[in-house]
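S.K.:
Residue numbers (the numbering used here), protein chains in the order written: chain D, 43 to 186; chain H, 17 to 523.
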């Protein structure tokens with residue numbers, strides 16, 4: 043974060059004062075705080091008694107190995123869905139993703155996977171395409 | 017006034033106006049439940065339908081729809097950890113934590129009851145403000161709005177956590193949020209900042225994909241990691257905690273009222289909006305914790321973390337209507353769209369709305385109240401079915417949550433850039449949760465940064481440095497210092513005081 047703040051500050055060089063004042067006013071304390079946090083991390087490491095952030099906490103019930111494997115899997119699915127949307131567009135990527143996830147990752151039955159994929163596509167098509175007329179671009183593969 | 021109020025109620029209860037309100041409520045109910053489909057967008061989509069309506073019918077339809085989206089948005093936030101609306105993000109922190117513990121019914125009961133209280137307070141404020149609205153709004157110029165945004169930023173101190181290290185991280189996250197608010201064209205000269213040559217970033221970061229990714233992606237990953245239903249192994253069955261959630265609202269009634277007033281006031285002030293109201297109300301709820309153990313329970317399922325934002329995000333609608341009706345100055349983007357509704361039905365916002373068209377104004381008050389009563393009653397009727405969604409096994413639910421997250425983000429600007437931003441902030445949100453960094457300060461910084469910069473420049477251009485001596489500016493400055501100092505004193509006392517054994521949160 044200190045590096046990001048430093049980069050943000052360097053970017054403001056050459057900007058007019060009206061453009062640069064706000065990012066500098068925010069970037070300088072951000073840089074200083076980030077340096078302080080870095081030094082604390084190096085000096086004390088991740089201390090146990092830092093307490094809980096005022097936020098939700100991730101589950102601790104699963105072993106770290108399993109958690110890492112499942113995290114990687116779900117990130118891959120999410121990333122894959124994004125790539126599918128870019129390549130073949132929303133309307134085709136949605137049933138493909140829902141079916142693929144349910145059948146391969148969820149190990150659900152063929153019938154249930156197909157049924158839910160069809161329902162997902164139908165709900166999407168009725169609400170967003172036909173009712174709201176949201177423009178969804180065709181995928182890159184369909185532009186050639 | 018009493019006669020006018022009764023007359024307006026009878027007008028709203030006429031079959032035609034009531035029918036339009038019920039249609040509006042039904043639309044708003046589903047819009048609130050679906051992430052990404054915002055109340056403002058739907059308001060714009062529904063605007064053409066009011067052409068042929070009478071004013072009371074038109075506002076029964078439009079306001080009936082708009083005033084309930086935050087109520088049902090809370091339901092999605094609590095059950096799935098995905099913000100149903102941009103204004104219902106803060107409800108996730110404790111509401112979804114309660115759902116994970118099998119207390120979805122209690123959280124929903126609390127959210128619905130506090131939403132109703134908030135809506136009634138906001139509507140009452142609208143009715144009561146009619147005679148005094150003019151001096152109230154005119155006291156706030158750009159310097160006061162700037163200081164109000166600084167006061168909001170000061171709440172980062174209470175949203176960070178109780179230990180010094182967490183406080184440092186909270187301020188870091190807040191500063192990062194403020195810096196991210198600088199992305200796009202600067203409000204003064206129009207020069208581009210941190211846009212990477214991308215047209216998508218010219219208007220800055222869009223809040224919907226940022227919030228959806230920031231809060232939904234970590235929950236989705238966690239759901240996949242656990243491999244269970246949202247409620248885990250906790251028995252869901254028939255929802256039994258609803259009455260307890262409603263009772264919680266009355267047990268913490270003054271907190272609910274205070275948060276409703278916060279929401280109303282932030283709604284009145286043009287340019288701040290519900291995104292700010294919910295976080296300030298949440299911070300206030302955290303501050304209401306009397307002991308360190310109580311305050312540490314926030315974020316882990318303290319019902320007060322549901323009541324505060326639940327009340328504020330509904331009361332703001334009544335507040336935002338005040339400047340819209342009285343001056344034609346919209347209190348939020350949704351109100352700007354609603355302003356179009358005024359013109360479509362042949363009304364001009366301004367003094368006439370408080371004299372000649374007083375019946376329409378008072379009909380709006382009743383619409384907000386009745387629409388929320390109907391929505392809360394309908395939600396309570398379906399609560400068992402809604403809460404059972406948390407018992408569906410994760411593998412079945414997850415692709416639909418991912419789908420809602422993607423489509424919800426995309427609909428913000430109909431751009432694939434929205435999804436990229438959602439994924440980027442989803443990753444950042446996950447890392448922050450993983451390494452125990454508070455996310456709320458970043459959101460507060462991002463929401464308030466742009467407002468603060470805009471009003472600072474207007475203040476300087478209009479008043480030079482003399483605005484620093486304006487009385488309300490000084491009062492707000494003192495309040496800002498008070499918020500930070502009181503948090504630091506609380507923290508110092510907590511460190512000085514030994515923790516009582518076996519203390520638990522009050523949730």
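For every residue, glycine included, the Cβ atom is placed at its ideal position computed from N, Cα and C.
1. Who does residue 264 of chain H pair with in a DSSP beta bridge?
2. Output needed for residue 429 of chain H: all residues of its chain with C-beta closer than 7 Å, excluding positions within five of it in sequence on either side, in chain order.
3. Which chain D residues sit within Cβ distance under 9 Å of residue 210 of chain H?
4. To the nearest angstrom, how far is the alpha carbon of residue 339 of chain H from that of residue 216 of chain H?
5. Find the nearest neighbour of residue 123 of chain H within the set H:448, H:274, H:244, H:400, judged by alpha-carbon distance.
6. Could one say the Cβ of residue 243 of chain H lies closer than 8 Å to chain A's Cβ atoms, at least one of them?
7. Please give the ranges of any alpha helix (DSSP H) in the region 107 to 180 of chain D, keeping only runs that are unbroken, at least 4 residues long and fully inside the region.
8. Can you pull the chain D neighbours of residue 450 of chain H, defined as C-beta to C-beta under 9 Å?
9. Assuming residue 79 of chain D and residue 470 of chain H are in contact, meaning their beta carbons sit under 8 Å apart, how far apart are those beta carbons, in whole angstroms?
10. Which whole-angstrom value is the C-beta distance of residue 391 of chain H and residue 87 of chain H, which I expect to be below 8 Å?
11. Touching or not, the region 61 to 78 of chain H and the region 111 to 122 of chain H, by the rule of three or more beta carbon pairs under 8 Å?
12. Taking 8 Å as the CB-CB limit, is residue 112 of chain D close to chain H?
13. I'd like to confirm the pairing. Which residues does DSSP put opposite residue 208 of chain H in its beta bridges?
14. Closest to residue 98 of chain H by CA distance: which of H:397, H:130, H:503, H:416 is it?
15. Count the other CB atoms within 10 Å of the CB of residue 36 of chain H; is the residue buried (16 or more) or exposed (fewer)?
16. In this structure, does DSSP put residue 448 of chain H in helix, strand or coil?
17. Of all Cβ atoms in chain D, is any one closer than 8 Å to the Cβ of residue 59 of chain H?
18. So is residue 328 of chain H in contact with chain D if we call contact Cβ pairs under 8 Å?
19. I'd like to know if residue 219 of chain H contacts chain D, where contact means its C-beta is closer than 8 Å to some C-beta of that chain.
20. By a C-beta neighbour count over all protein chains shown, 10 Å radius and 16 as the cutoff for buried, is residue 490 of chain H buried or exposed?
21. Would you kindly report the start and end of the unbroken alpha helix (DSSP H) that includes residue 381 of chain H?
22. Measuring only the C-alpha atoms, how far is residue 329 of chain H from residue 285 of chain H?
23. Pull up the distance between the alpha-carbon of residue 488 of chain H and that of residue 156 of chain H, whole angstroms please.
24. By a C-beta neighbour count over all protein chains shown, 10 Å radius and 16 as the cutoff for buried, is residue 332 of chain H buried or exposed?
25. Would you kindly report the start and end of the unbroken alpha helix (DSSP H) that includes residue 116 of chain H?
26. Any C-beta of chain H sitting closer than 8 Å to the C-beta of residue 43 of chain D?
27. Using a Cβ-Cβ cut-off of 7 Å (strictly less than) and excluding sequence neighbours within five positions of residue 436 of chain H, which residues of its own chain qualify?
28. Output, in chain order, the set of chain H residues within a Cβ distance shorter than 7 Å of residue 109 of chain D.
29. Alpha carbon to alpha carbon, what distance is there between residue 291 of chain H and residue 12 of chain D?
30. Using beta carbons (cut-off 8 Å, strictly below), is residue 148 of chain D in contact with chain H?
31. Please determine if the region 158 to 169 of chain H and the region 454 to 470 of chain H are in contact, where contact requires at least 3 C-beta pairs separated by less than 8 Å.
32. If we ignore side chains and look at the alpha-carbon of each, how far apart do residue 518 of chain H and residue 306 of chain H end up?
33. Straight-line CA distance for residue 314 of chain H to residue 41 of chain H?
34. In the DSSP assignment, the alpha helix (DSSP H) including residue 428 of chain H goes from what residue to what residue?
M.R.: Here's the rundown:
1. Along the second chain, read from residue 1 onward, the residue named residue 264 of chain H stands at position 248. Answer is none; residue 264 of chain H lacks a bridge partner.
2. The residue given as residue 429 of chain H occupies position 413 in the second chain. Contacts found: 222.
3. Numbered from its first residue, the second chain carries residue 210 of chain H at position 194. Residues of chain D passing the Cβ test: 50, 53, 65.
4. As a working note, residue 339 of chain H is residue 323 in the second chain. As a working note, residue 216 of chain H is residue 200 in the second chain. Near 32 Å, if we compare the C-alpha coordinates of residue 216 of chain H and residue 339 of chain H.
5. To locate residue 123 of chain H, count along the second chain from 1; it is residue 107. Residue H:400 holds the alpha-carbon nearest to the alpha-carbon of residue 123 of chain H among H:448, H:274, H:244, H:400.
6. This model lacks chain A altogether, as its protein chains are D and H.
7. 132 to 142, 152 to 166
8. Stepping through the second chain from its first residue, residue 450 of chain H is reached at position 434. Those are 100, listed as they occur along chain D.
9. Indexing the first chain from 1 puts residue 79 of chain D at position 37. Indexing the second chain from 1 puts residue 470 of chain H at position 454. Taking the Cβ atoms as the reference, residue 79 of chain D lies roughly 29 Å from residue 470 of chain H, outside the contact range of under 8 Å.
10. Here residue 391 of chain H refers to the residue found at position 375 when the second chain is read from its first residue. Here residue 87 of chain H refers to the residue found at position 71 when the second chain is read from its first residue. So it is a contact: roughly 5 Å between Cβ atoms.
11. no
12. Here residue 112 of chain D refers to the residue found at position 70 when the first chain is read from its first residue. Closer than 8 Å to some Cβ of chain H, the Cβ of residue 112 of chain D qualifies, so yes.
13. Sequence index remark: in the second chain, residue 208 of chain H carries index 192 (1-based). Here residue 208 of chain H is bridged, per DSSP, to H:201.
14. For the purposes of this step, residue 98 of chain H is identified with residue 82 of the second chain, where counting begins at 1. Comparing Cα positions, the closest option is H:416.
15. Along the second chain, one-based indexing puts residue 36 of chain H at 20. Flag for residue 36 of chain H reads buried.
16. Reading the second chain from its first residue, position 432 is the one you call residue 448 of chain H. Residue state, collapsed to three classes: helix.
17. Here residue 59 of chain H corresponds to residue number 43 of the second chain, with the count starting at 1. Not closer than 8 Å to any Cβ of chain D, the Cβ of residue 59 of chain H fails to qualify, so no.
18. Taking the first residue of the second chain as position 1, residue 328 of chain H is located at position 312. No, its Cβ sits nowhere closer than 8 Å to a Cβ of chain D.
19. Against the second chain, residue 219 of chain H aligns to sequence position 203. So no, residue 219 of chain H is outside the interface.
20. For the purposes of this step, residue 490 of chain H is identified with residue 474 of the second chain, where counting begins at 1. Classification of residue 490 of chain H: exposed, given that the 10 Å Cβ count is below 16.
21. Stepping through the second chain from its first residue, residue 381 of chain H is reached at position 365. Run containing residue 381 of chain H: 374 to 404, per the alpha helix (DSSP H) assignment.
22. Translated into the one-based positions of the second chain, residue 329 of chain H becomes position 313. Translated into the one-based positions of the second chain, residue 285 of chain H becomes position 269. So the alpha carbons of these two residues sit roughly 14 Å apart.
23. Residue 488 of chain H sits at position 472 when you count from the first residue of the second chain. Residue 156 of chain H sits at position 140 when you count from the first residue of the second chain. Each residue's Cα considered, the two are about 8 Å apart.
24. For the purposes of this step, residue 332 of chain H is taken as the residue at position 316 of the second chain. Result: buried.
25. Counting from one through the second chain, the residue named residue 116 of chain H turns up at place 100. Note, residue 116 of chain H: alpha helix (DSSP H), 106 to 116.
26. Against the first chain, residue 43 of chain D aligns to sequence position 1. True, the Cβ-Cβ gap to chain H drops below 8 Å.
27. Here residue 436 of chain H corresponds to residue number 420 of the second chain, with the count starting at 1. Closer than 7 Å at Cβ, skipping near neighbours: no residue.
28. Residue numbering aside, residue 109 of chain D sits at position 67 when the first chain is read from its first letter. In chain order: 241.
29. The displayed coordinates of chain D run from 43 to 186. Any statement about residue 12 of chain D would go beyond what the structure contains.
30. Here residue 148 of chain D refers to the residue found at position 106 of the first chain. Residue contact with chain H for residue 148 of chain D: present (Cβ-Cβ distance below 8 Å to some residue of chain H).
31. yes
32. Here residue 518 of chain H corresponds to residue number 502 of the second chain, with the count starting at 1. Here residue 306 of chain H corresponds to residue number 290 of the second chain, with the count starting at 1. No answer about residue 518 of chain H holds up, because its pLDDT of 41 lies below 50 and its placement is not dependable.
33. Here residue 314 of chain H corresponds to residue number 298 of the second chain, with the count starting at 1. Here residue 41 of chain H corresponds to residue number 25 of the second chain, with the count starting at 1. Cα-Cα distance, rounded: 32 Å.
34. Stepping through the second chain from its first residue, residue 428 of chain H is reached at position 412. Judged by DSSP secondary structure, residue 428 of chain H falls outside any alpha helix (DSSP H); it is assigned neither H nor E.
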